[in-house]
C-alpha cells in the first residue's frame with residue numbers, strides 16, 4: 001500500500017497543483033457571474049453566493065448602454081481588423097520565407113526589433129498621424145496600426161518553414177502565378193496556422209482598450225470595452241451592472257476560442273494539413 005502511494009505521489013501532487021491553478025484561473029469568471037446576480041452593496045460586502053438582482057442589473061445595463069451599437073462597433077473592428085491583419089501579415093511572412101535576397105534578413109531583423117518598442121512610445125506620433133490624415137474618431141484609425149503586426153509576421157514566417165516547397169515548385173511548373181500559389185495552395189495548406197492566428201488577433205482587437213480610448217471621442221463609435229470601463233469608473237459605480245457588461249464583453253472571445261480550440265492547438269504546434 002505504501003509502495004503504491006509513493007509511486008503515485010508525484011501524480012497526486014501534479015494533479016493537485018493543476019487543479020489549484022485551474023481554480024485560480026476560472027475564479028475571476030465565477031466571481032463575475034456571481035456578482036452579476038447581486039446588488040452593489042452585496043458585492044462590496046464580499047458576498048460569494050448568488051443573489052436575486054440579476055434581472056435588475058440586466059435592465060440597468062441595457063437602459064444605460066446602446067448594446068446593439070457598441071457590439072456592432074466591437075465586432076466590426078475585431079473582424080475587419082483581424083481579416084486585414086491576417087492577409088497583410090501572412091503575405092509578409094510568406095514573402096520573407098519564400099523569396100531570397102541580400103536585404104531580406106536585415107529588413108526582417110528591423111521588423112522584429114519593433115517588438116521592443118513599447119506602445120506608449122508610439123501613441124503620440126500615431127495620434128498626430130491619424131489627426132493629419134483626418135481619421136480621428138473613426139474605426140479605421142483603430143485598425144490601421146494593427147494590420148502589419150510584427151509578431152504575426154514572425155509567426156507566419158516560422159510556420160511557413162513547414163510548408164512543403166515541392167507544392168510551390170509543382171504549382172510553378174503548372175503555370176500558376178505567385179498570388180495564385182498563395183491563395184489556392186498556401187492558404188488551404190496552412191489553415192491551422194490561420195486559425196491560431198485568427199484567435200490571437202481577434203482577442204487582441206476585441207480587448208483593445210488604450211488606443212481606442214485615445215482615438216474614439218464620440219459615444220456612437222465606442223466599443224464594449226470602453227463602455228464597460230466608463231461604467232466602472234463612474235463616481236458611484238453600480239458593480240452589478242458592470243458585471244453584466246463584463247460578461248457580455250467576455251462571451252465573444254470565449255465562443256471564438258472554444259469554437260476554434262482544436263485548430264488553435266494544431267496551429268500553435270505547427271501542424272500543416
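Numbering (the UniProt record's numbering), first residue to last: 1 to 273.
All C-beta atoms in this analysis are idealised placements derived from N, C-alpha and C, irrespective of residue type, glycine included.
Values in this document were obtained by computation on a predicted structure and should not be read as measured data.
Span separating the alpha-carbon of residue i from that of residue j
i	j	result
residue 68	residue 127	28 Å
residue 140	residue 163	33 Å
residue 177	residue 98	14 Å
residue 38	residue 19	28 Å
residue 106	residue 188	30 Å
residue 17	residue 27	15 Å
residue 112	residue 232	37 Å
residue 94	residue 198	16 Å
residue 255	residue 248	11 Å
residue 110	residue 21	38 Å
residue 90	residue 210	26 Å
residue 165	residue 108	21 Å
residue 83	residue 149	12 Å
residue 179	residue 78	26 Å
residue 202	residue 158	20 Å
residue 54	residue 45	17 Å
residue 265	residue 253	16 Å
residue 65	residue 246	13 Å
residue 171	residue 267	24 Å
residue 120	residue 57	35 Å
residue 271	residue 236	Because the pLDDT of residue 271 is 49, which lies under 50, any placement of that residue in the model is unreliable, and the number read from its coordinates should be weighed accordingly. Approximately 50 Å between the Cα atoms of the pair.
residue 11	residue 30	27 Å
residue 15	residue 207	32 Å
residue 74	residue 173	45 Å
residue 103	residue 222	42 Å
residue 193	residue 117	26 Å
residue 160	residue 100	14 Å
residue 156	residue 61	41 Å
residue 175	residue 183	15 Å
residue 114	residue 96	16 Å
residue 251	residue 269	26 Å
residue 23	residue 59	31 Å
The alpha helix (DSSP H) enclosing residue i, as first and last residue numbers
i	result
residue 145	139 to 147
residue 125	123 to 132
residue 169	165 to 173
residue 76	67 to 98
residue 160	150 to 160
residue 108	104 to 113
residue 202	191 to 207
residue 239	239 to 259
residue 225	224 to 232
residue 135	Neither: residue 135 is in no alpha helix (DSSP H) and is coded neither H nor E.
residue 118	No alpha helix (DSSP H) contains residue 118, which DSSP labels as neither H nor E.
residue 181	178 to 181
residue 213	210 to 215
Beta-carbon contacts of residue i that lie in its chain and below 7 Å, excluding the five residues immediately before and after
i	result
residue 25	none
residue 220	69
residue 40	238, 239, 240
residue 42	51
residue 205	77, 78, 81, 82, 146
residue 154	112
Sequence-distant residues of its chain with Cβ nearer than 8 Å to residue i (five each side left out)
i	result
residue 122	145
residue 49	34
residue 257	199, 203, 264
residue 152	85, 86, 89, 90, 93, 197, 200, 201
Close Cβ partners of residue i (< 6 Å) along its chain, the five nearest in sequence each way excluded
i	result
residue 243	32, 35, 36
residue 47	38
residue 303	Nothing in the structure corresponds to residue 303, since the chain is present only between 1 and 273.
residue 63	none
residue 167	185
Any C-beta of chain C under 8 Å from that of residue i
i	result
residue 260	Protein chains in the displayed structure number just one, and chain C is not present.
Contact belief for residue i with residue j at Cβ below 8 Å, rounded distance in angstroms
i	j	result
residue 215	residue 130	6 Å
residue 224	residue 71	6 Å
residue 217	residue 136	7 Å
residue 142	residue 212	5 Å
Just to confirm the assignment: which complete beta strand (DSSP E) runs, minimum length 3, are found wholly within the segment 22 to 61?
none
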